[in-house]
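Data first, discussion second: the structure below is written as C-alpha coordinates.
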Amino acid sequence: MPDAPRASARRKAVTHLLARRATLARSLRLLGQFRYEQRDPARFYGALAADTAAMVTGLWRDVNGTSPEGRTVLDVGGGPGYFAAAFAAADLQYIGVEPDPGEMHAGPATTAGHTTYVRASGMALPFADASVDICMSSNVAEHVAQPWRLGREMLRVTRPGGLAVLSYTVWLGPFGGHEMGLSHYLGGARAAERYTRKHGHRPKNDYGSSLFAVSVSEGLDWAASSGALVAAFPRYHPRWAWWMTGVPVLREFTVSNLVLVLRPT
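Counting from 339, one number per residue, gives the positions in the sequence shown under the numbering used here.
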(Lines of atoms letter the chains of each structure in order from A and count residues from 1; the text may use other names and numbers.)
(Lines give C-alpha, C1' and ligand atoms only; values in the text may rest on other atoms or scores of the structure.)
Protein backbone atom coordinates (compact mmCIF):
# COMPACT_ATOMS: atom_id res chain seq x y z
CA MET A 1 0.00 0.00 0.00
CA PRO A 2 1.92 3.07 -1.25
CA ASP A 3 0.45 5.58 1.21
CA ALA A 4 1.15 3.45 4.29
CA PRO A 5 4.70 4.77 5.01
CA ARG A 6 3.48 8.34 4.52
CA ALA A 7 0.54 7.79 6.87
CA SER A 8 2.83 6.21 9.47
CA ALA A 9 5.21 9.17 9.29
CA ARG A 10 2.32 11.59 9.68
CA ARG A 11 1.06 9.72 12.76
CA LYS A 12 4.49 9.88 14.38
CA ALA A 13 4.81 13.61 13.66
CA VAL A 14 1.37 14.40 15.04
CA THR A 15 1.94 12.27 18.12
CA HIS A 16 5.20 14.11 18.77
CA LEU A 17 3.47 17.49 18.54
CA LEU A 18 0.65 16.36 20.81
CA ALA A 19 3.04 15.03 23.41
CA ARG A 20 4.48 18.50 24.01
CA ARG A 21 1.23 19.54 25.68
CA ALA A 22 0.79 16.34 27.71
CA THR A 23 2.63 17.49 30.81
CA LEU A 24 2.45 16.03 34.30
CA ALA A 25 1.07 19.33 35.60
CA ARG A 26 -1.84 19.13 33.14
CA SER A 27 -2.55 15.52 34.13
CA LEU A 28 -2.60 16.33 37.84
CA ARG A 29 -4.78 19.39 37.27
CA LEU A 30 -7.36 17.40 35.31
CA LEU A 31 -7.42 14.42 37.64
CA GLY A 32 -7.82 16.77 40.58
CA GLN A 33 -11.08 18.04 39.08
CA PHE A 34 -12.74 14.62 39.12
CA ARG A 35 -13.58 14.89 42.81
CA TYR A 36 -15.91 17.79 41.95
CA GLU A 37 -17.94 15.93 39.32
CA GLN A 38 -20.89 15.25 41.63
CA ARG A 39 -20.77 18.17 44.10
CA ASP A 40 -19.70 20.97 41.76
CA PRO A 41 -20.38 19.93 38.14
CA ALA A 42 -19.81 23.46 36.81
CA ARG A 43 -16.24 23.38 38.07
CA PHE A 44 -15.58 19.88 36.77
CA TYR A 45 -17.22 20.16 33.35
CA GLY A 46 -15.95 23.69 32.83
CA ALA A 47 -12.35 22.54 33.31
CA LEU A 48 -12.88 19.45 31.13
CA ALA A 49 -14.50 21.51 28.37
CA ALA A 50 -11.68 24.05 28.34
CA ASP A 51 -9.08 21.28 28.12
CA THR A 52 -11.05 19.53 25.36
CA ALA A 53 -11.29 22.70 23.29
CA ALA A 54 -7.54 23.23 23.69
CA MET A 55 -6.89 19.61 22.68
CA VAL A 56 -9.11 19.71 19.58
CA THR A 57 -7.88 23.09 18.34
CA GLY A 58 -4.30 21.96 18.95
CA LEU A 59 -4.96 18.79 16.98
CA TRP A 60 -6.25 20.80 14.04
CA ARG A 61 -3.11 22.95 14.01
CA ASP A 62 -0.83 19.93 14.33
CA VAL A 63 -2.52 17.93 11.55
CA ASN A 64 -3.41 20.72 9.10
CA GLY A 65 -0.93 23.45 9.94
CA THR A 66 -3.63 26.15 9.95
CA SER A 67 -5.78 27.94 12.49
CA PRO A 68 -9.15 26.30 13.27
CA GLU A 69 -10.89 29.65 13.86
CA GLY A 70 -14.19 29.86 12.02
CA ARG A 71 -14.36 26.10 11.44
CA THR A 72 -17.47 24.09 12.27
CA VAL A 73 -17.24 21.63 15.15
CA LEU A 74 -19.98 19.05 15.67
CA ASP A 75 -20.03 17.74 19.24
CA VAL A 76 -21.81 14.37 19.44
CA GLY A 77 -23.31 14.01 22.91
CA GLY A 78 -22.53 17.63 23.76
CA GLY A 79 -24.67 17.57 26.90
CA PRO A 80 -24.79 20.79 28.93
CA GLY A 81 -23.46 24.05 27.55
CA TYR A 82 -19.97 23.90 29.04
CA PHE A 83 -18.45 22.57 25.83
CA ALA A 84 -20.40 25.07 23.75
CA ALA A 85 -18.96 27.93 25.80
CA ALA A 86 -15.40 26.61 25.50
CA PHE A 87 -15.54 26.20 21.72
CA ALA A 88 -17.32 29.50 21.20
CA ALA A 89 -14.50 31.14 23.17
CA ALA A 90 -12.08 29.54 20.69
CA ASP A 91 -14.02 31.15 17.80
CA LEU A 92 -15.38 27.92 16.36
CA GLN A 93 -18.91 27.45 15.08
CA TYR A 94 -20.32 24.95 17.54
CA ILE A 95 -23.13 22.45 16.90
CA GLY A 96 -24.10 20.26 19.83
CA VAL A 97 -25.98 16.99 19.29
CA GLU A 98 -27.77 15.59 22.32
CA PRO A 99 -30.69 13.11 22.52
CA ASP A 100 -31.68 14.04 26.09
CA PRO A 101 -33.26 17.51 26.45
CA GLY A 102 -32.64 17.39 30.20
CA GLU A 103 -28.90 17.07 29.61
CA MET A 104 -29.02 19.71 26.90
CA HIS A 105 -30.31 22.36 29.30
CA ALA A 106 -28.47 21.25 32.45
CA GLY A 107 -25.51 23.59 31.99
CA PRO A 108 -25.06 27.31 31.38
CA ALA A 109 -26.91 29.02 28.54
CA THR A 110 -24.51 29.97 25.77
CA THR A 111 -25.13 32.83 23.38
CA ALA A 112 -21.55 33.68 22.47
CA GLY A 113 -20.33 32.94 18.94
CA HIS A 114 -22.19 30.67 16.57
CA THR A 115 -23.82 28.01 18.75
CA THR A 116 -26.53 25.56 17.72
CA TYR A 117 -28.11 22.57 19.46
CA VAL A 118 -29.81 19.66 17.73
CA ARG A 119 -31.77 16.96 19.48
CA ALA A 120 -30.70 13.73 17.79
CA SER A 121 -28.91 10.44 18.26
CA GLY A 122 -25.25 9.93 17.46
CA MET A 123 -26.25 6.61 15.89
CA ALA A 124 -27.95 8.46 13.02
CA LEU A 125 -26.66 12.02 12.75
CA PRO A 126 -29.07 14.29 10.84
CA PHE A 127 -26.28 15.86 8.79
CA ALA A 128 -25.14 15.40 5.22
CA ASP A 129 -21.99 13.52 4.29
CA ALA A 130 -18.81 15.61 4.59
CA SER A 131 -20.66 18.59 6.07
CA VAL A 132 -18.51 19.62 9.08
CA ASP A 133 -14.83 20.38 9.58
CA ILE A 134 -14.45 18.73 12.98
CA CYS A 135 -16.60 16.05 14.57
CA MET A 136 -15.84 15.16 18.16
CA SER A 137 -17.30 13.04 20.91
CA SER A 138 -16.10 13.17 24.49
CA ASN A 139 -16.98 10.34 26.90
CA VAL A 140 -20.01 9.15 24.96
CA ALA A 141 -18.94 5.92 23.23
CA GLU A 142 -19.06 3.94 26.49
CA HIS A 143 -22.71 4.94 26.88
CA VAL A 144 -23.99 3.42 23.63
CA ALA A 145 -24.38 -0.23 22.73
CA GLN A 146 -22.76 0.24 19.29
CA PRO A 147 -19.81 2.61 19.77
CA TRP A 148 -18.26 1.98 16.35
CA ARG A 149 -21.52 2.76 14.61
CA LEU A 150 -21.18 6.12 16.36
CA GLY A 151 -17.62 6.33 15.07
CA ARG A 152 -18.69 5.58 11.51
CA GLU A 153 -21.31 8.31 11.66
CA MET A 154 -18.69 10.76 12.87
CA LEU A 155 -16.44 9.91 9.95
CA ARG A 156 -19.34 10.13 7.49
CA VAL A 157 -20.20 13.73 8.34
CA THR A 158 -16.58 14.95 8.50
CA ARG A 159 -15.12 16.60 5.42
CA PRO A 160 -12.03 15.11 3.76
CA GLY A 161 -9.01 16.70 5.42
CA GLY A 162 -11.07 17.45 8.53
CA LEU A 163 -10.81 15.75 11.92
CA ALA A 164 -12.87 13.25 13.86
CA VAL A 165 -11.86 13.02 17.53
CA LEU A 166 -13.41 10.18 19.50
CA SER A 167 -12.55 9.97 23.21
CA TYR A 168 -14.04 7.40 25.57
CA THR A 169 -13.65 5.89 29.02
CA VAL A 170 -12.10 2.42 29.02
CA TRP A 171 -14.15 -0.15 30.96
CA LEU A 172 -11.29 -1.87 32.77
CA GLY A 173 -9.63 1.40 33.70
CA PRO A 174 -10.11 2.92 37.18
CA PHE A 175 -12.92 5.22 36.00
CA GLY A 176 -14.75 2.58 33.96
CA GLY A 177 -17.47 2.19 36.56
CA HIS A 178 -18.22 5.92 36.68
CA GLU A 179 -20.17 6.65 39.87
CA MET A 180 -20.10 2.96 40.81
CA GLY A 181 -16.42 3.36 41.58
CA LEU A 182 -14.01 0.44 41.57
CA SER A 183 -16.80 -2.05 42.23
CA HIS A 184 -17.10 -2.48 38.44
CA TYR A 185 -14.16 -4.88 38.74
CA LEU A 186 -16.65 -7.25 40.39
CA GLY A 187 -18.69 -7.19 37.17
CA GLY A 188 -20.94 -4.53 35.70
CA ALA A 189 -24.29 -6.01 36.74
CA ARG A 190 -23.06 -6.77 40.25
CA ALA A 191 -21.65 -3.26 40.62
CA ALA A 192 -24.97 -1.72 39.56
CA GLU A 193 -26.89 -3.84 42.08
CA ARG A 194 -24.43 -2.93 44.82
CA TYR A 195 -24.84 0.77 44.02
CA THR A 196 -28.64 0.43 44.06
CA ARG A 197 -28.64 -1.21 47.49
CA LYS A 198 -26.39 1.51 48.89
CA HIS A 199 -28.14 4.56 47.39
CA GLY A 200 -31.72 3.38 46.95
CA HIS A 201 -31.80 4.05 43.19
CA ARG A 202 -30.15 2.79 40.05
CA PRO A 203 -26.94 4.51 38.93
CA LYS A 204 -27.27 7.10 36.20
CA ASN A 205 -24.62 5.15 34.29
CA ASP A 206 -26.32 1.77 34.58
CA TYR A 207 -24.41 -1.19 33.18
CA GLY A 208 -26.17 -2.77 30.21
CA SER A 209 -28.50 0.16 29.52
CA SER A 210 -26.55 3.43 29.74
CA LEU A 211 -23.03 2.10 30.32
CA PHE A 212 -21.18 -0.56 28.34
CA ALA A 213 -17.79 -2.26 28.41
CA VAL A 214 -15.54 -0.75 25.74
CA SER A 215 -11.88 -1.71 25.45
CA VAL A 216 -8.74 -0.05 24.14
CA SER A 217 -8.14 -2.93 21.72
CA GLU A 218 -11.60 -2.61 20.18
CA GLY A 219 -11.09 1.09 19.57
CA LEU A 220 -7.65 0.66 18.05
CA ASP A 221 -8.85 -2.15 15.79
CA TRP A 222 -11.83 -0.16 14.56
CA ALA A 223 -9.75 2.98 13.99
CA ALA A 224 -7.09 1.04 12.08
CA SER A 225 -9.73 -0.62 9.89
CA SER A 226 -11.22 2.79 9.02
CA GLY A 227 -8.02 3.77 7.23
CA ALA A 228 -8.25 7.25 8.77
CA LEU A 229 -6.30 6.86 12.01
CA VAL A 230 -3.81 9.66 12.69
CA ALA A 231 -3.04 9.18 16.38
CA ALA A 232 -4.19 7.33 19.49
CA PHE A 233 -3.15 8.29 23.00
CA PRO A 234 -4.33 8.24 26.65
CA ARG A 235 -6.21 11.45 27.29
CA TYR A 236 -5.20 12.20 30.87
CA HIS A 237 -1.67 10.78 30.94
CA PRO A 238 1.59 12.74 30.71
CA ARG A 239 3.63 12.07 27.59
CA TRP A 240 6.09 9.71 29.27
CA ALA A 241 3.21 7.28 29.97
CA TRP A 242 1.84 7.12 26.43
CA TRP A 243 3.77 3.92 25.72
CA MET A 244 1.08 2.05 27.67
CA THR A 245 -1.30 2.36 24.71
CA GLY A 246 0.88 -0.07 22.75
CA VAL A 247 0.97 -2.86 25.34
CA PRO A 248 -1.91 -5.38 25.11
CA VAL A 249 -3.70 -6.27 28.38
CA LEU A 250 -1.79 -3.64 30.40
CA ARG A 251 -3.41 -0.83 28.41
CA GLU A 252 -6.89 -2.00 29.36
CA PHE A 253 -6.16 -1.22 33.02
CA THR A 254 -3.87 1.80 32.71
CA VAL A 255 -5.26 3.81 29.77
CA SER A 256 -8.27 5.24 31.58
CA ASN A 257 -9.48 7.24 28.57
CA LEU A 258 -8.47 6.65 24.95
CA VAL A 259 -8.43 9.37 22.30
CA LEU A 260 -8.69 8.31 18.66
CA VAL A 261 -7.81 11.01 16.12
CA LEU A 262 -9.00 10.31 12.58
CA ARG A 263 -8.67 12.27 9.34
CA PRO A 264 -10.99 11.29 6.48
CA THR A 265 -9.49 11.47 3.00
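C-beta: ideal position from N, C-alpha, C; glycine also.
If contacts are defined as beta-carbon pairs under 8 Å, then residue i and residue j qualify, I think. What distance do you get, rounded to the angstrom?
i, j, result
"Gly499", "Arg601", "7 Å"
"Val470", "Val495", "6 Å"
"Asn595", "Arg573", "4 Å"
"Leu501", "Val401", "6 Å"
"Glu480", "Val552", "5 Å"
"Ile433", "Thr454", "5 Å"
"Arg367", "Gly396", "Not quite, the Cβ-Cβ distance comes to about 16 Å (not below 8 Å), so this is no contact."
In this structure, does DSSP put residue i in helix, strand or coil?
i, result
"Phe513", "coil"
"Phe571", "strand"
"Phe465", "coil"
"His481", "helix"
"Asp559", "helix"
"Val587", "coil"
"Ser405", "coil"
"Ala427", "helix"
"Asp378", "coil"
"Arg490", "helix"
"Gly565", "coil"
"His522", "helix"
"Ala579", "helix"
"Ala395", "Checking the displayed sequence, the identity of residue 395 turns out to be Thr instead of Ala. It is helical."
"Ala360", "coil"
Name the DSSP beta bridge partners of residue i, please?
i, result
"Tyr383", "Answer is none; Tyr383 lacks a bridge partner."
"Asp413", "Gly434, Met474"
"Tyr506", "Leu596"
"Tyr533", "Answer by DSSP bridge pairing: none, since Tyr533 is not bridged."
"Tyr455", "Gly434"
"Tyr545", "Leu549"
"Thr496", "Val470"
"Leu501", "Ile472"
Please tell me whether, using a cut-off of 8 Å, the distance from the CB of residue i to the nearest non-hydrogen atom of the ligand ATP is below it.
i, result
"Glu480", "Ligands in the displayed structure: none, and consequently the ligand ATP is not present."
The region 512-522 touching the region 486-494, judged by at least three CB pairs closer than 8 Å: no
Would you call the region 383-403 and the region 415-432 touching, i.e. three or more CB-CB distances under 8 Å? yes
Does the region 510-518 come into contact with the region 581-599, if we say contact requires no fewer than three beta-carbon pairs (one atom in each stretch) closer than 8 Å? yes
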